[in-house]
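Here my numbering is used: the first residue of the sequence shown is 49, the next is one more, and so on. Here a beta-carbon is modelled for each residue, glycine too, at the ideal position from N, C-alpha and C. Keep in mind it's a predicted model, so treat the numbers as computed, not measured. What follows is a single structure, written as structure tokens, with notes after it.
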Amino acid sequence: MTASYIIDTARTPRGRGKQGKGSLSNLHPQELLAQVLNTLRQRGGWSASEVDDVMVGCVSQVGEQGANIARNAVLAAGWPIEVPAASLNRFCSSGLQAIHFGAMGVASGAMDLVVAGGVESMSRIPMGSDGGGQDGGNEHLRERFFQVPQGISADLIATLEGFSRVEIDALALRSQRNAVRAIEEGRFAKSLFPVKDPRTGAVLLERDEFPRPDTTAEALAALKPSFVSLGQLAAGPGGETLDQLALQAYPRARTIQHVHTAGNSSGIADGAAAVVLASERYVREKGVKPRARIRAMTTVGSEPVLMLTGPAPASEKALRIAGMKARDISLWEINEAFSAVVLQTTRALGIDPDRVNVNGGAIALGHPLGATGAMLLGTALDELERTGQETALITMCIGGGQGIATIIERL
Ligand SMILES: CC(C)(COP(=O)(O)OP(=O)(O)OC[C@H]1O[C@@H](n2cnc3c(N)ncnc32)[C@H](O)[C@@H]1OP(=O)(O)O)[C@@H](O)C(=O)NCCC(=O)NCCS
């Protein structure tokens, strides 16, 4: 394998993912993605006809996000019909997974130039729209693993780890403060572009609209836990509630402490992002100056009921592949699916919390599922460049009990 280089990154602002509240909620997700593709093309010194493939992560691939959204976005962008595109789903990590597959493509020598990223319009195609639930309704599988919704898993992790509501909320407050500082200081400006109405050209959204700058510890503490009634839902074969089913797998937890709220869980959002990846041959022959290279990329499986503890083992595996230690990483992006995920990952890896999510995360900024991985990678690279640091590790928890990790190195 040769190296895979990152040439450029771009993302939309994250819009609130609710109809009537979000500035991107009137835009077809193909158009959202098409604007990312064209922003990258306009900025880069390459032409769309050179692109060997477009790989796009998207979780809810039904309706407007069905029909291979990647290919339709290529057509919507007005790119040559010869440019192929594929859509993929690895739940919350889909955008980062698309980058992995693209990077493998250019590193293998099979491709020279790939655009990879993700898209999700949660306002138009809400989470769960594919109807599969947690496990596609497979009763036989449920005898082995009864997978519970991710909010219950997050509360179970907090219970098992002994994280208090105060600690959980403190991370959320930090996410808000870091995100607000990043926005005020223009730290997202390099990758971010304004999304426009494709017909009129009017700007629909130019900054992330999910953060709540006026968030206080008191306001967070006053929010009601979001997953109490879900936990009481009778879902098991003998009428067991979801909480009881989770506790059957983890009896030492005794009862689940429901600590996650609208304020300390990732926000429902709309958005799209992508990166341009190039092979060593392309970089050499075209004289392109890459911004970074991918040093390691991994995925792992983890226990599916707890579901969200994959980031630590995925990060450890990536570090092993790179021949690095956790202390060699300057910046960590640990996706803020839920507050407990970041706390658990940080604790398990023994890393300095001050190096984690320095510009906020999905709690403050929102988590447009398929897009987030590509957004996090772009944010990490922009921050490496801004601060002159060298390496970043991006990691995410994934449905079904999985983790993903990518190590990038600034050039
Ligand atoms: C937790 C969850 C259910 C909350 O959904 P919700 O109730 O619709 O959340 P909202 O963001 O609309 O916030 C609801 C209310 O909480 C309050 N609130 C939210 N964040 C707040 C903050 N930081 N400070 C103060 N109040 C806040 C507000 O009153 C808000 O209402 P408003 O928007 O009208 O002002 C939802 O965000 C969720 O499911 N998140 C996880 C998504 C997920 O699973 N992703 C995959 C990861 S594995």
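| said: On the CB-based measure, 16 or more other CB atoms within 10 Å of its CB, does P338 come out buried or exposed? | reply: To locate residue 338, count along the sequence shown from 1; it is residue 290. With 16 or more other Cβ atoms within 10 Å, it is buried.
| Should the region 245 to 253 be regarded as contacting the region 213 to 228, the criterion being three or more beta carbon pairs within less than 8 Å? | no
| request: Mind listing, in chain order, the continuous beta strand (DSSP E) runs of no fewer than 3 residues lying wholly within the region 186 to 253? | output: 251 to 253
| field | Same chain, Cβ closer than 6 Å to W127, five either side skipped, listed in chain order | value | As a working mapping, residue 127 is identified with position 79 in the sequence shown. The answer, listed in chain order, is A96.
| said: Give me, in chain order, the residues of the same chain whose beta-carbon lies closer than 7 Å to that of V331; leave out the 5 immediate sequence neighbours on both sides. | reply: As a working note, residue 331 is residue 283 in the sequence shown. These residues qualify, in order along the chain: Y53, P338.
| Would you say the beta carbon of T439 comes nearer than 7 Å to a heavy atom of ligand 1? | In the sequence shown, counting from the first residue as 1, residue 439 sits at position 391. Result no, Cβ not under 7 Å from ligand 1.
| request: With a floor of 3 residues, list each beta strand (DSSP E) that falls wholly inside the region 69 to 131, ordered by position along the chain. | output: Here the runs fully enclosed are 101 to 105.
| query | Are I304 and I205 closer than 8 Å when you measure CB to CB? | reply | As a first step, residue 304 must be located in the sequence shown, where it is residue number 256. As a first step, residue 205 must be located in the sequence shown, where it is residue number 157. No, Cβ-Cβ distance for I304 and I205 is not below 8 Å.
| message | ligand 1 and T263: does any heavy atom of the ligand fall closer than 7 Å to the residue's C-beta? | response | Translated into the one-based positions of the sequence shown, residue 263 becomes position 215. T263: yes, Cβ under 7 Å from ligand 1.
| task | Hey, could you find the ends of the alpha helix (DSSP H) G180 is sitting in? | result | Position 132 of the sequence shown, counting from 1, holds the residue named residue 180. Note, G180: premise wrong, no alpha helix (DSSP H); not H, not E.
| query | Quick one: is K69 buried, meaning 16 or more other Cβ sit within 10 Å of its Cβ, or exposed? | reply | By one-based count along the sequence shown, residue 69 stands at place 21. K69 is exposed by the Cβ-count criterion.
| said: Extract the residue ranges of the beta strand (DSSP E) inside the region 353 to 387, only unbroken runs of 3 or more that lie entirely within it. | reply: 379 to 382
| query | Is D262 buried or exposed, if buried means 16 or more other CB atoms sit within 10 Å of its CB? | reply | Locating residue 262 in the sequence shown gives position 214, counting from the first residue. Counting Cβ neighbours within 10 Å, D262 comes out exposed, since fewer than 16 surround it.
| Can you tell me whether DSSP reads M49 as helix, strand or coil? | The residue given as residue 49 occupies position 1 in the sequence shown. Here M49 sits in coil by DSSP.
| Selected residue, minimal CA-CA separation from G111, among I369, P174, T50, G63 | One-based indexing of the sequence shown puts residue 111 at position 63. For the residues I369, P174, T50, G63, the minimum Cα distance to G111 belongs to P174.
| message | Considering only DSSP beta bridges, list what V163 is partnered with. | response | Locating residue 163 in the sequence shown gives position 115, where the first residue counts as 1. Looking at the DSSP assignment, V163 forms a beta bridge with V102, V324.
| With distances taken from CA atoms, which of M49, Q198, Q83, S135 is nearest A115? | Here residue 115 refers to the residue found at position 67 when the sequence shown is read from its first residue. When each option's Cα is compared against that of A115, the closest is S135.
| field | Rounded C-alpha distance that separates L189 from L290 | value | One-based indexing of the sequence shown puts residue 189 at position 141. One-based indexing of the sequence shown puts residue 290 at position 242. C-alpha separation (whole angstroms): 16 Å.
| Leaving out the 5 sequence neighbours to the left and right, which residues in its chain are closer than 7 Å to I446 when beta-carbon positions are compared? | Taking the sequence shown and counting its residues from 1, one reaches residue 446 at position 398. So the qualifying residues of the chain are R138, F139, C140, S141, G358, I452.
| request: Confirm, please, whether the CB-CB distance from L397 to A21 is below 8 Å. | output: Nothing in the structure corresponds to residue 21, since the chain is present only between 49 and 459.
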